[in-house]
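Engineer: Heads up, the sequence shown is in my numbering, so the first residue is 54 and it goes up one at a time. C-beta: ideal position from N, C-alpha, C; glycine also.
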Amino acid sequence: DVSIRAQIMNLLKDLQNEFGVSYLLIAHHLATVRYMCHRVAVMYLGQIVELAEVRELYTNPLHPYTKALMSAALPSHPDMEQEEMILTGEVPSPLNPPSGCTFHPRCPFVMDQCSHIIPEVKEVTPNHWVSCHLY
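Rendered as structure tokens:
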């Protein structure tokens with residue numbers, strides 16, 4: 054129920070503010086993540102593909118998977134320009150992930166190197182890290 058979820062989230066935020074505790078929140082609901090978190094790590098097939106402060110990630114997603122998530126999950130907002138991205142293809146098995154970048158079979162920006170070289174994690178802007186050959 055939505056009201057129970059909101060009460061729990063508010064209680065967790067109050068406890069965090071009062072006692073300075075940290076949480077590791079694993080979620081698929083991006084609105085909840087945005088409300089609850091200070092920093093967000095986006096994972097694809099068990100690999101972190103992007104890590105940033107919540108405001109930075111939601112206003113400037115860099116990894117193609119993060120962009121696709123934002124495009125699929127968030128409604129348009131007048132202050133945010135949102136790129137629409139629809140992924141094609143099957144999600145690979147996590148038991149037998151593809152070589153190179155695990156996202157390359159579904160990536161609209163795939164390059165030759167993506168299929169055989171794992172991208173390095175790079176700090177593109179301060180505290181905004183991405184694992185993608187585009188950067």
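Touching or not, the stretch 108 to 123 and the stretch 55 to 64, by the rule of three or more beta carbon pairs under 8 Å?
Structural biologist: The stretch 108 to 123 is not in contact with the stretch 55 to 64.
Engineer: How would you call residue 88, buried or exposed, if buried means at least 16 neighbouring beta carbons within 10 angstroms?
Structural biologist: One-based indexing of the sequence shown puts residue 88 at position 35. Burial call: exposed.
Engineer: My assumption, with CB atoms under 8 Å, is that residue 182 sits in contact with residue 105. Please give the rounded CB distance.
Structural biologist: As a first step, residue 182 is located in the sequence shown; it is residue number 129 there, counting from the start. As a first step, residue 105 is located in the sequence shown; it is residue number 52 there, counting from the start. Right, the Cβ-Cβ distance comes to about 7 Å (below 8 Å), so this counts as a contact.
Engineer: So who's on the other strand from residue 100, going by DSSP bridges?
Structural biologist: Stepping through the sequence shown from its first residue, residue 100 is reached at position 47. In DSSP, residue 100 forms a bridge with 97.
Engineer: Taking the continuous alpha helix (DSSP H) assigned at residue 176, which residues delimit it?
Structural biologist: Within the sequence shown, numbered from 1, the residue matching residue 176 stands at position 123. Taken as a continuous stretch (DSSP letters only), residue 176 belongs to no alpha helix (DSSP H), being part of the beta strand (DSSP E) at 174 to 178.
Engineer: Between which two residues does the alpha helix (DSSP H) containing residue 55 stretch?
Structural biologist: To locate residue 55, count along the sequence shown from 1; it is residue 2. 55 to 72 is the span of the alpha helix (DSSP H), which, as asked, contains residue 55.
Engineer: Determine the extent of the alpha helix (DSSP H) in which residue 86 is found, giving its start and end residues.
Structural biologist: One-based indexing of the sequence shown puts residue 86 at position 33. Run containing residue 86: 83 to 89, per the alpha helix (DSSP H) assignment.
Engineer: Between which two residues does the beta strand (DSSP E) holding residue 183 run?
Structural biologist: The residue you call residue 183 lines up with position 130 of the sequence shown. Residue 183 -> beta strand (DSSP E) spans 181 to 184.
Engineer: Please state the DSSP three-state secondary structure of residue 106.
Structural biologist: Counted from its first residue, the sequence shown places residue 106 at position 53. Three-state result, residue 106: strand.
Engineer: Less than 9 Å between the beta carbons of residue 107 and residue 185, yes or no?
Structural biologist: As a first step, residue 107 must be located in the sequence shown, where it is residue number 54. As a first step, residue 185 must be located in the sequence shown, where it is residue number 132. No, these two residues do not count as a Cβ contact at 9 Å.
Engineer: Within 10 angstroms of its Cβ, does residue 169 collect 16 or more other Cβ (buried), or is it exposed?
Structural biologist: Start at 1 with the first residue of the sequence shown, and residue 169 comes out as number 116. By the neighbour-count rule (16 or more Cβ atoms within 10 Å), residue 169 is not buried but exposed.
Engineer: How should residue 68 be labelled, buried or exposed, when 16 other C-beta atoms within 10 angstroms of its C-beta is the threshold for buried?
Structural biologist: Numbered from 1 along the sequence shown, position 15 holds the residue referred to as residue 68. Classification of residue 68: exposed, given that the 10 Å Cβ count is below 16.
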